[in-house]
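Under our numbering, the first residue of the sequence shown carries the number 70, and numbering increases by one thereafter. Idealized CB from N, CA, C, for every residue including glycine. Bear in mind that the values here come from a model prediction, so they are computed numbers and not experimental data. Working notes, beginning with the structure itself.
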Amino acid sequence: MKLNYIQTVADTKFVYLSLETIIKDILHNSLRGIPNAHYAPGTFKTGMIATFKSKTNMQKASGTIYTHYSKLINTINQYTHWTPNPYYNLEYTTNAKIYGHKETRLQLINTFVVDIDFPQFEKKLSVQEIELAIMDTTGFVPTIIIDTPKGYHCYFVLDKPIYISNNNNYKSLRVAKAISQTLRTAIAKKLPCDQECNDFGIFRIPTSDTVVSYCSQAKYTFTEFMNWSIQQGKTFTKYKEYTKKAHIVNSFQQIKQKWYKALYQTTHIIGGANCGRNNTIFTMALANKQSGISEAEAIHSLVSWNRKLTHPLTKKEVIKTVKSAYKSRFVAARSDFIDRILTIWGINKKKTLPTKAIIFRKHKKKRADRRYSHSTEWEKDLITYLDKQNTSQSYFFSSKKELTEKLGIPERTLDRLLKRLKQENKIIFTTKAGRNGGLIITTVKKLLQTIIRTKKQTKTKIQICKKQITQQTIHINRKKERNYLLTKQGRYPILGPPT
70 MKLNYIQTVA DTKFVYLSLE TIIKDILHNS LRGIPNAHYA PGTFKTGMIA
120 TFKSKTNMQK ASGTIYTHYS KLINTINQYT HWTPNPYYNL EYTTNAKIYG
170 HKETRLQLIN TFVVDIDFPQ FEKKLSVQEI ELAIMDTTGF VPTIIIDTPK
220 GYHCYFVLDK PIYISNNNNY KSLRVAKAIS QTLRTAIAKK LPCDQECNDF
270 GIFRIPTSDT VVSYCSQAKY TFTEFMNWSI QQGKTFTKYK EYTKKAHIVN
320 SFQQIKQKWY KALYQTTHII GGANCGRNNT IFTMALANKQ SGISEAEAIH
370 SLVSWNRKLT HPLTKKEVIK TVKSAYKSRF VAARSDFIDR ILTIWGINKK
420 KTLPTKAIIF RKHKKKRADR RYSHSTEWEK DLITYLDKQN TSQSYFFSSK
470 KELTEKLGIP ERTLDRLLKR LKQENKIIFT TKAGRNGGLI ITTVKKLLQT
520 IIRTKKQTKT KIQICKKQIT QQTIHINRKK ERNYLLTKQG RYPILGPPT
């Protein structure tokens, strides 16, 4: 995947054709009537997507089902939310609500979407700052960024969609979910990313007013995402629809574990965070469900716990959350959610989480003790070296010989590294031939930082100019007013009587 430029369209409106292109890029050939030269007719089985006119309608599942692309594009600006990943089948219930948008009924995965929500009273970052933070943590650039009331929805569109089937216990879905979770975890290191929302559910729809960034070249293969996720150390956990009641072993009841007892004694949990009161109650309810506790007993227990909180929820909200947990397909509280809740609310994990078994494994030697370095180590050395170069320009000029001497890297290894990093969109460089030739090189991160800094400086200068013009205008108006009063009183201004 070659990335040539990033087209940011903040403060502008997309024309109809541009919006049409964006929708085609996301949906590929998943709806009927999408003309696309890259795919032969009948390459994909067409699916169905759901659209909603407001967040309230979305929560009520009151929306419209589309199977034809042309009908969708003609009415797209009426909607606020949609399902960018199509389903095999969607239906209307008797009360006109949409039914059937479950993960196991997904037909294709066209895109990964990350929801970035800034806390109340916290200033939203600019689009360029979002792109820089995401690139810094993941190495990927969002294909599309959509503005939302609280933040942004970042779309990472696949070059080719992947099919979901029940083969091998939904293996493709399990892998895709693992990639999505890894992507969110990585981005959450620098941005307030919602890690609890559905991986392939309902998101903001691209419209003429909401798209603030679109990079048509930033499309990635599923293999690229999978390899990156594996490098991050994410294991593809087993996914399955649980329909039968789990067999409970008394010694492994979650409500008898230390983390649950510590959480039950915690009273300072508030709302507004990714792991606030609702998510905590949902997790504790799942622990009760796993332990064989009845729904009524769980409600009684968690309503009592809610009363102890400094800022409790309403009893109605607690009951609703517990019932939701018991109706869900989950049979137990997930370990990564437990870990996140304990971390956010400052509960000592070492004393509360179960001790892991001792495993003996071979560890790699330290770099100083090895004869050769790993490619990832050379990559880190080069990126760090380039980022530290203090030049007036965003780029840095150097010869290959100078780089090999500074980093201690073999020349052939450097050539391979430069080629790979350019393909991965981590660096940009060009070669200058001749006697005084060499490399003109920079990191994409540094280039974006320069763009953001220049934009801020330009904005500051414009604000200063506006302030000066306003002050001069006020001064001129006051002078005119003073001269008018003097003339009216028969007294003439300093320049003398009017001629």
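Of the other Cβ atoms in all chains shown, fewer than 16 fall within 10 Å of the Cβ of Gln-189; this residue is therefore exposed. Counting C-beta pairs with one atom in each stretch, the stretch 214-224 and the stretch 277-295 have three or more that are closer than 8 Å, which means they touch.
Taking C-beta atoms as the reference points, Ala-354 and Val-391 count as a pair closer than 7 Å. Two segments are said to touch when three or more pairs of C-beta atoms, one from each, lie closer than 8 Å; by this definition the stretch 439-457 touches the stretch 500-516. Looking at Thr-163, Gly-477, Ile-271, Arg-376, the one whose alpha-carbon comes closest to that of His-222 is Ile-271. Taking Thr-539 as the centre and dropping the five residues before and after it, the same chain places no C-beta closer than 6 Å to its C-beta. Per the C-alpha coordinates, the member of Lys-495, Gly-503, Gly-507 positioned closest to Met-204 is Lys-495. Ranking Ser-139, Leu-88, Thr-115, Trp-151 by CA distance to the CA of Gln-128 puts Trp-151 first. Looking at the DSSP output, Cys-223 shares a beta bridge with Val-183, Ile-214. Taking a C-beta distance under 7 Å as the contact criterion, Ile-338 and Thr-349 qualify as a contact pair. The beta carbon of Ile-416 is closer than 6 Å to those of Ala-331 in its chain, skipping five residues each way along the sequence. Judged by DSSP in its simplified three-state form, Glu-89 adopts helix.
Inside the stretch 230-313, DSSP marks whole alpha helix (DSSP H) runs of 4 or more residues at positions 240-256, 291-300, from first to last along the chain.
Look at Tyr-135 here: in three-state DSSP terms it is strand.
Every alpha helix (DSSP H) of 4 residues or more that sits fully in the stretch 443-478 is shown, in chain order, as 444-457, 469-476. Each residue's CA atom was taken as its position, placing Ser-241 and Ile-231 some 8 Å apart.
By the criterion of a C-beta distance shorter than 6 Å, Asn-347 is surrounded in its chain by Thr-390, once the five residues flanking it on both sides are discounted.
With a 10 Å radius around the Cβ and a threshold of 16 neighbouring Cβ atoms, Gly-220 comes out buried.
A contact between stretches requires three or more CB pairs, one per stretch, nearer than 8 Å, and the stretch 145-165 meets this requirement with the stretch 117-125.
When only Cα atoms are considered, Leu-100 and Thr-290 end up about 21 Å apart. DSSP lists Ile-510 as the beta-bridge partner residues of Phe-498.
Annotation: Ala-394 is outside any beta strand (DSSP E); the continuous alpha helix (DSSP H) that includes it extends over 384-396. C-alpha of Lys-122 to C-alpha of Glu-198: approximately 30 Å in a straight line. Excluding its 5 nearest sequence neighbours in each direction, Arg-409 has C-beta neighbours in its own chain below 6 Å: Cys-344, listed in chain order. Residue state for Glu-480 is assigned as helix, using DSSP reduced to three classes. Per DSSP, the continuous alpha helix (DSSP H) segment holding Ala-356 begins and ends at 346-359.
Close CB contacts of Thr-499 within its chain, under the 6 Å cut and outside five residues either way in sequence, are with Ile-509 (chain order). If you check the CB distance, Ala-245 and Thr-206 do not come in under 7 Å. Look at Phe-406 here: in three-state DSSP terms it is helix. For Leu-177, the three-state secondary structure derived from DSSP is strand. Per DSSP, the beta bridge partners of Phe-121 are His-150. Rounded to the nearest angstrom, the gap between the Cα atoms of Leu-96 and Phe-181 is 12 Å. Take Gly-169, set aside five residues on each side of it, and the residues of its chain with a beta-carbon closer than 7 Å to its own are Tyr-156, Asn-158, Leu-159, Glu-160, in chain order. The criterion of a C-beta distance shorter than 7 Å is satisfied by Ile-92 and Ile-142. For Glu-200, the enclosing alpha helix (DSSP H) starts and ends at 196-207.
Looking at Arg-551, Tyr-333, Ala-165, Thr-251, the one whose alpha-carbon comes closest to that of Leu-411 is Tyr-333.
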